[in-house]
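Colleague:
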């Protein structure tokens, strides 16, 4: 069956705008019973070098049912395709953390492998855990070490096709190996695990996949990403050219220094030669003088 690819901002946002889906989807990721969920979608325009693009950030206010009672938290869904996005996530969260009084739970959807030593879904609570198995991890990562809040880091490209848990089943809709000829459409297996929430997610992504308006936005997203990659490549090429020019100038300066050194040595050699010639001239003059004196004595 054909479904919209939720790695695209437009489809990701559309999927989680369904409150029932968002409540159970997020609750499954954080392994909590969310009884109330309010969406406050935000998209922030950020500037990177000579061009700008949007990073999708979706904020939720959630009420979680625990054994001790109800507690309120802020849940932030952050999604980025490039490493630079991670740095902006940290900067933004640092600013938000000082403003909000409620605890923050952050879920990062990363479109690139942050660290292949980590599992596809990592739970950070001062220690690292594999969210699928709850196994404590010994590996450390510089980005995750900088987090000051409970976080879930999902590396989309590391998600496996095998489905054994509810979480794996729900995240399977992000499997990028299922891309069709149009990258914003996935060819999803017809046979599904017996999960009502997964069927709801699939139906919503099917609806998104046939929406002309949403497909057009996905195509624009592709165009923006292509432009981004082109600009990034051009910037990298310019930086490499500047670096090569600096290297060439350094080599040229070094060659000039060597030339100056050689000229200095040559001048020194010429001075030594002139000094030797002068001394030879004086020796000859002294010799002529001695011969003249000797001849004078002989003639007497």
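In this note's numbering, the protein residues as written are 42 to 341.
The C-beta atom is built at its ideal place from N, Cα and C for all residues, glycine as well.
As the structure is a computational prediction, the values presented were derived from the model and not from experiment.
1. Distance, Cα to Cα, residue 64 vs residue 214?
2. Hey, could you find the ends of the beta strand (DSSP E) residue 52 is sitting in?
3. CB residue 225 to CB residue 66, shorter than 9 Å?
4. Here's the rule: buried if 16 or more other CB atoms are within 10 angstroms of the residue's CB, otherwise exposed. What is residue 117?
5. Give the range of the alpha helix (DSSP H) segment to which residue 118 is assigned.
6. Please list the terminal residues of the continuous alpha helix (DSSP H) segment that includes residue 265.
7. Where does residue 94 sit, in a helix, a strand or coil, going by DSSP?
8. Residue 104 by DSSP, collapsed to three states: which one?
9. Which of the three DSSP states, helix, strand or coil, is assigned to residue 180?
10. With a CB to CB cut of under 6 Å and the five nearest residues on each side skipped, what residues in its chain are close to residue 43?
11. Assuming residue 152 contacts residue 110 (C-beta within less than 8 Å), just tell me the rounded distance between them.
12. First and last residue of the alpha helix (DSSP H) that includes residue 207?
13. Is DSSP giving residue 80 helix, strand or coil here?
14. Put residue 198 into one of helix, strand or coil per three-state DSSP.
15. Is residue 88 helix, strand or coil when you go by DSSP?
16. Taking C-alpha atoms, which residue in 211, 107, 155 lies nearest to residue 182?
17. Please go through the same chain and pick out, in chain order, the residues whose beta-carbon is closer than 7 Å to the beta-carbon of residue 180, but skip the five residues on each side of it.
18. Could you tell me the boundaries of the alpha helix (DSSP H) in which residue 63 lies?
19. Under the rule that 16 or more other beta-carbon atoms within 10 Å means buried, what is residue 185, buried or exposed?
20. Tell me the DSSP secondary structure of residue 233 in three-state form.
21. Using only the heavy atoms of the ligand ATP, determine whether one of them is closer than 8 Å to the beta carbon of residue 258.
22. For residue 86 and residue 216, what's the separation of their Cα atoms in angstroms?
23. Roughly how many whole angstroms lie between the Cα atoms of residue 260 and residue 221?
24. Out of 113, 300, 119, 173, point me to the one whose CA is closest to residue 69's CA.
25. I'd like to check one pair, residue 234 with residue 210: are the Cβ atoms closer than 9 Å?
26. Using the DSSP secondary-structure output, state which residues sit across from residue 43 in a beta bridge.
27. Return the first residue and the last residue of the beta strand (DSSP E) that residue 151 is part of.
28. Which stretch, first to last residue, makes up the beta strand (DSSP E) that contains residue 162?
29. Taking DSSP as the reference, what is the three-state secondary structure of residue 41?
30. Do you know how far the Cα of residue 75 is from the Cα of residue 163?
31. Just the Cα atoms here: how many angstroms apart are residue 263 and residue 175?
32. Mind checking whether residue 103 and residue 62 have CB atoms under 9 Å apart?
Modeller: Taking the structure as given:
1. 17 Å
2. Note, residue 52: premise wrong, no beta strand (DSSP E); alpha helix (DSSP H) at 50 to 57.
3. no
4. buried
5. Element bounds for residue 118: not the alpha helix (DSSP H) but the beta strand (DSSP E), 110 to 121.
6. 253 to 340
7. In this predicted model, residue 94 has a pLDDT of only 48, less than 50, meaning its place in the structure is not dependable enough to derive any value.
8. strand
9. coil
10. 226, 250
11. Contact flag wrong, Cβ pair sits at about 38 Å.
12. 207 to 212
13. strand
14. helix
15. Only weak support is given to the placement of residue 88: the predicted model assigns it a pLDDT of 44, under 50, and the value that follows is read from those uncertain coordinates. If DSSP states are grouped into helix, strand and coil, residue 88 belongs with the strands.
16. 155
17. 158, 159, 169
18. 60 to 71
19. buried
20. coil
21. The ligand ATP is not part of this structure, which contains no ligands at all.
22. Low local confidence applies: a pLDDT of 43 at residue 86 is under 50, so the model's placement there is unreliable, with the coordinate-based value given in what follows. If I take the Cα positions, the gap works out to 27 Å.
23. 14 Å
24. 173
25. yes
26. 228
27. 145 to 151
28. 162 to 165
29. For the chain, the structure presents residues 42 to 341; residue 41 sits outside this window and is missing.
30. 20 Å
31. 36 Å
32. no
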